[in-house]
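Asks: Going by our numbering, 206 is the number at position 198 of the sequence shown; the sequence numbering is gapless.
Even for Gly, the Cβ is constructed at its ideal location relative to N, Cα and C.
Model, not experiment: these values are computed from the prediction.
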Amino acid sequence: MNMGGASNLDEIEIFMRNMFNDHRIIGAPPFVRSRLAEYITASRLQEVRENYEKIGGGSPLLDITRSIQKKLQERIDDAVVEVIMRYTPPFASEVLSRLKSMGVKKLYLIPMYPQFSTTTTASSIEDIRQTAAGICYHPTMVSVLDYYDFDPYLETVEEIISEGVGDEDPSTVNLVFSAHGLPVSVIKRGDPYKKQVEAEVKLHAERLERRGLVFNQIHLAYQSKVGPMKWLTPSLERMLEEIKNRRVLIYPISFTVDNSETLFELDIEYREVAEELGFDLYRVCRCPNDSDRFVDVLERLYRNM
9 MNMGGASNLD EIEIFMRNMF NDHRIIGAPP FVRSRLAEYI TASRLQEVRE NYEKIGGGSP
69 LLDITRSIQK KLQERIDDAV VEVIMRYTPP FASEVLSRLK SMGVKKLYLI PMYPQFSTTT
129 TASSIEDIRQ TAAGICYHPT MVSVLDYYDF DPYLETVEEI ISEGVGDEDP STVNLVFSAH
189 GLPVSVIKRG DPYKKQVEAE VKLHAERLER RGLVFNQIHL AYQSKVGPMK WLTPSLERML
249 EEIKNRRVLI YPISFTVDNS ETLFELDIEY REVAEELGFD LYRVCRCPND SDRFVDVLER
309 LYRNM
């Protein structure tokens, strides 16, 4: 399960409209939410199209996820591996109809979000359950809710960070975990996302030190703010302003697959901010993507269900 992303310029509008029409993203009455979704989409569409053009005209998220699906299927012979996206194809309706016709009686739901949030994992699970009920399909469903503290996943992230450091002396580098932001109002309603992100950062800090990777400082910052509401802080831009020695390695802690937030926001938009601030090192780690070690994480999650 994942959020989805526009694989081409034509999918951007449907992605935005579906996302902003999700009641777990915008908690307004349906009519108001629908109008807001139309307004936000119309007002931001051209800007978002231009951003996508800078990363080649589309998000690689689906292609990478299909590669993960193929690799995972090669390891698993007792289940069919499928991909369901929340806001772009393949939608739950298409996939569940196929599984129903195949006579599949049990679904194992694994999110591509390491930390749980009502806006991501819960939204995807709700969508799958409602869609299944709508086509009179009633399989047993078992879900992984999070894996931010799962040792094989932590190890995978730390290997990527180690590779990201390369030949640099880590004591001269600031490691910044950049998390996708959320409105503070979502957290106040009891969403555990912020606590889980903070807990994961703490785990990485302890484990990296045991590996001999001692950074100048380790920080957590938030990206992707949209609209006038109060969002989680500090923002990544503010964090970059506060780093004195102007040397940073960014790890996108909320994502397991590269997408527009990593390829445009982190690798292009915030790189420009860093250059304006005079950074002499600004490096962004890639997500785990379809690496064998991340496929191994997903296989282990499945085997443990």
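Which of helix, strand or coil does DSSP assign to Val112?
Replies: Along the sequence shown, read from residue 1 onward, the residue named residue 112 stands at position 104. Val112: coil per DSSP, three-state reduction.
Asks: Please specify which runs of the alpha helix (DSSP H), each continuous and at least 4 residues long, are wholly inside the stretch 159–198, giving them in chain order.
Replies: Qualifying alpha helix (DSSP H) stretches, in chain order: 159–173 and 192–196.
Asks: With 16 as the cutoff for other CB atoms within 10 Å, does Arg255 come out buried or exposed?
Replies: Walking along the sequence shown from the start, residue 255 turns up at place 247. Classification of Arg255: buried, given that the 10 Å Cβ count is 16 or more.
Asks: Among the candidates Ser151, Leu70 and Thr126, whose CA atom is the shortest distance from the CA of Asn312?
Replies: For the purposes of this step, residue 312 is identified with residue 304 of the sequence shown, where counting begins at 1. Here the closest residue by C-alpha is Ser151.
Asks: Evaluate contact between the stretch 278–289 and the stretch 76–95, counting only Cβ atoms and requiring at least three cross-stretch pairs below 8 Å.
Replies: As far as the Cβ criterion goes, the stretch 278–289 does not touch the stretch 76–95, which means the pair count is below three.
Asks: Return helix, strand or coil for Ala50, following the three-state DSSP convention.
Replies: By one-based count along the sequence shown, residue 50 stands at place 42. It is helical.
Asks: Since Thr73 is in the beta strand (DSSP E), which residue starts that stretch and which ends it?
Replies: Taking the sequence shown and counting its residues from 1, the one referred to as residue 73 is at position 65. It is not in any beta strand (DSSP E) - Thr73 instead sits in the alpha helix (DSSP H) that spans Leu69 to Arg83.
Asks: Find the nearest neighbour of Ser4 within the set Pro68, Pro200, Phe272 and Ile92, judged by alpha-carbon distance.
Replies: Here the chain covers residues 9 to 313 and nothing more, so residue 4 does not appear.
Asks: Starting from Thr148, trace the beta strand (DSSP E) both ways and give me its first and last residue.
Replies: For this step, residue 148 is matched to residue 140 along the sequence shown. Thr148 to Ser151 is the span of the beta strand (DSSP E), which, as asked, contains Thr148.
Asks: Leaving out five residues before and five after Val112 in sequence, what residues of the same chain have Cβ atoms less than 8 Å from its Cβ?
Replies: Within the sequence shown, the letter at position 104 stands for residue 112. Cβ within range, chain order: Val88 and Pro147.
Asks: What are the boundary residues of the alpha helix (DSSP H) that Val281 is part of?
Replies: Residue mapping note: residue 281 aligns to position 273 of the sequence shown, counting from 1. Taken as a continuous stretch (DSSP letters only), the alpha helix (DSSP H) holding Val281 covers Tyr278 to Glu284.
Asks: By how many angstroms is the C-alpha of Arg218 removed from the C-alpha of Phe28?
Replies: In the sequence shown, counting from the first residue as 1, residue 28 sits at position 20. In the sequence shown, counting from the first residue as 1, residue 218 sits at position 210. Computed Cα separation, rounded: 42 Å.
Asks: Quick one: what's got a C-beta closer than 6 Å to Ser262's C-beta in the same chain, skipping five residues either side?
Replies: As a working mapping, residue 262 is identified with position 254 in the sequence shown. Closer than 6 Å at Cβ, skipping near neighbours: Ala187 and His188.
Asks: Can you tell which of Met247, Arg94 and Asp157 has the C-alpha that lies nearest to the C-alpha of Ile22?
Replies: Translated into the one-based positions of the sequence shown, residue 22 becomes position 14. Here the closest residue by C-alpha is Arg94.
Asks: Would DSSP call His31 helix, strand or coil?
Replies: Residue numbering aside, residue 31 sits at position 23 when the sequence shown is read from its first letter. Coil.
Asks: For Ala230, which of helix, strand or coil comes out of DSSP?
Replies: As a working mapping, residue 230 is identified with position 222 in the sequence shown. Here residue 230 turns out to be Tyr, not Ala, going by the sequence shown. Strand.
Asks: Note down the Cα distance separating Glu61 from Gly235, rounded to an integer number of angstroms.
Replies: Along the sequence shown, read from residue 1 onward, the residue named residue 61 stands at position 53. Along the sequence shown, read from residue 1 onward, the residue named residue 235 stands at position 227. When rounded, the distance between both Cα atoms is 23 Å.
Asks: Measuring alpha carbon to alpha carbon, tell me which residue in Glu206, Trp239, Ser268 and Leu240 is nearest Ile226.
Replies: Your numbering for residue 226 matches position 218 in the sequence shown. Ile226 has its Cα closest to that of Glu206, out of Glu206, Trp239, Ser268 and Leu240.
Asks: Could you check the C-alpha separation between Met247 and Val292 for me, to the nearest Å?
Replies: As a first step, residue 247 must be located in the sequence shown, where it is residue number 239. As a first step, residue 292 must be located in the sequence shown, where it is residue number 284. Spanning the two alpha carbons is a distance of roughly 15 Å.
Asks: Can you name, in chain order, every residue of its own chain whose Cβ lies under 6 Å from the Cβ of Asp314, other than the five neighbours on each side?
Replies: A question about residue 314 goes unanswered here, because the residues of the chain that appear run from 9 up to 313.
Asks: Do Ser268 and Ser67 have their C-beta atoms within less than 7 Å of each other?
Replies: Translated into the one-based positions of the sequence shown, residue 268 becomes position 260. Translated into the one-based positions of the sequence shown, residue 67 becomes position 59. The answer is yes: Cβ separation under 7 Å.
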